[in-house]
Amino acid sequence: MNQNNIIIITAPSGAGKTTIVHYLLQQYPEKLAFSISATTRQPREGETDGRDYYFLSEETFRQKIQQNEFVEWEMVYEGKYYGTLQSELERIRETGRIPVLDIDVKGALHIQRRFPGSSVSLFIEPPSVEELRKRLESRGTETPESLQARVNKASYELSFRNHFDHIIVNNNLATACREAEEIITGLF
Ligand code: 5GP
5 MNQNNIIIIT
15 APSGAGKTTI
25 VHYLLQQYPE
35 KLAFSISATT
45 RQPREGETDG
55 RDYYFLSEET
65 FRQKIQQNEF
75 VEWEMVYEGK
85 YYGTLQSELE
95 RIRETGRIPV
105 LDIDVKGALH
115 IQRRFPGSSV
125 SLFIEPPSVE
135 ELRKRLESRG
145 TETPESLQAR
155 VNKASYELSF
165 RNHFDHIIVN
175 NNLATACREA
185 EEIITGLF
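Each position in the sequence shown, counted from 1, maps to that position plus 4 in the working numbering.
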């Protein structure tokens with residue numbers, strides 16, 4: 005795999021994507037680097053600017069859109085922007101590692117289109133929409149309305165599964181991590 009490559013990991017919300025990304029980064033810190041996205045959402049407890057995200061004001065984010073600084077950006081949730089900065093991909097390439105992007109399905113489709121032949125995409129699929137609903141319910145973070153909205157969004161996102169290079173069905177997190185690892189190590 006050459007340095008122009010990008011690893012994209014995408015999934016409907018609640019499919020276990022972030023856990024898999026963390027696992028891969030932990031296993032291969034010399035080969036892979038997390039692509040830190042920019043966002044206008046507020047930092048959550050324990051999150052650090054420049055490590056988890058680049059937390060930007062809406063004004064700064066919009067300026068960067070105008071100045072073409074993003075390789076992709078999306079309004080992932082109502083009113084909140086998320087995007088991958090060109091400068092971030094360059095920063096990682098300078099370290100000789102491969103950027104790993106944890107992004108939503110639309111953003112992933114954009115990156116694939118923008119870097120045809122030099123990106124590898126993994127779609128993490130929940131076992132079923134019903135199972136996803138149960139996982140989101142057991143997190144206890146959703147109201148009935150926001151839960152339904154996430155389930156609807158997930159069903160829509162699932163319809164894009166065949167646009168990605170690899171599909172990993174997350175029936176079991178440890179197995180899904182190993183499957184992702186096999187795909188990624190095949191690229192080194
Ligand atoms: P959270 O707010 O929970 O950190 O992330 C919400 C969603 O935004 C997740 O699905 C995450 O993968 C996605 N996301 C994070 N960064 C980016 C980005 O740079 N671009 C896009 N399109 N989505 C992103």
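Think of the CB as a built atom: it goes at the ideal place given N, C-alpha and C, for glycine as much as any other residue. Small disclaimer: the values here were computed from a predicted structure and weren't measured.
| query | result |
| --- | --- |
| Counted within 10 angstroms of its Cβ, other Cβ atoms place residue 108 as buried (16 or more) or exposed | buried |
| Three-state secondary structure (DSSP) of residue 57 | strand |
| Rounded C-alpha distance that separates residue 118 from residue 112 | 10 Å |
| Neighbourhood of residue 31 by C-beta, 7 Å cutoff - its chain only, sequence neighbours within 5 removed | 185 |
| Given 8 Å, three or more beta-carbon pairs between the stretch 71-78 and the stretch 49-56 | no |
| Counterpart residues of residue 14 in DSSP-defined beta bridges | 127 |
| Supposed close pair residue 42, residue 101 - CB separation, criterion 8 Å | Wrong, their Cβ atoms sit about 19 Å apart, outside the cutoff. |
| Inter-residue Cα distance where the pair is residue 6 and residue 149 | Caution is warranted here: a pLDDT of 47 is assigned to residue 6, below 50, making its placement in the model unreliable, and the coordinate value is therefore given only provisionally. Going by the C-alpha atoms only, they are around 45 Å apart. |
| Whole-angstrom distance between residue 11 and residue 93, CA atom to CA atom | 11 Å |
| Option in 63, 125, 97 with minimal Cα separation from residue 34 | 97 |
| CA-to-CA distance, residue 29 to residue 143, given in whole angstroms | 24 Å |
| Backbone CA spacing between residue 155 and residue 190 [nearest angstrom] | 33 Å |
| Classification of residue 174 by the beta-carbon crowding that lies within 10 angstroms, buried from 16 upward | buried |
| Residue 125 beta carbon near the ligand 5GP (any heavy atom closer than 6 Å) | no |
| Boundaries of the alpha helix (DSSP H) in which residue 39 is found, first to last residue | Taken as a continuous stretch (DSSP letters only), residue 39 belongs to no alpha helix (DSSP H), as it is neither H nor E. |
| DSSP-derived helix/strand/coil call for residue 81 | strand |
| Residue range of the alpha helix (DSSP H) that includes residue 26 | 21-31 |
| Coarse secondary structure for residue 6, derived from DSSP in three states | Low confidence applies to residue 6: its pLDDT is 47, below 50, so where it sits in the model is not reliable, and the reading given next is rough at best. Residue 6 falls in the coil class under three-state DSSP. |
| Length of the line joining the Cα atoms of residue 176 and residue 132 | 13 Å |
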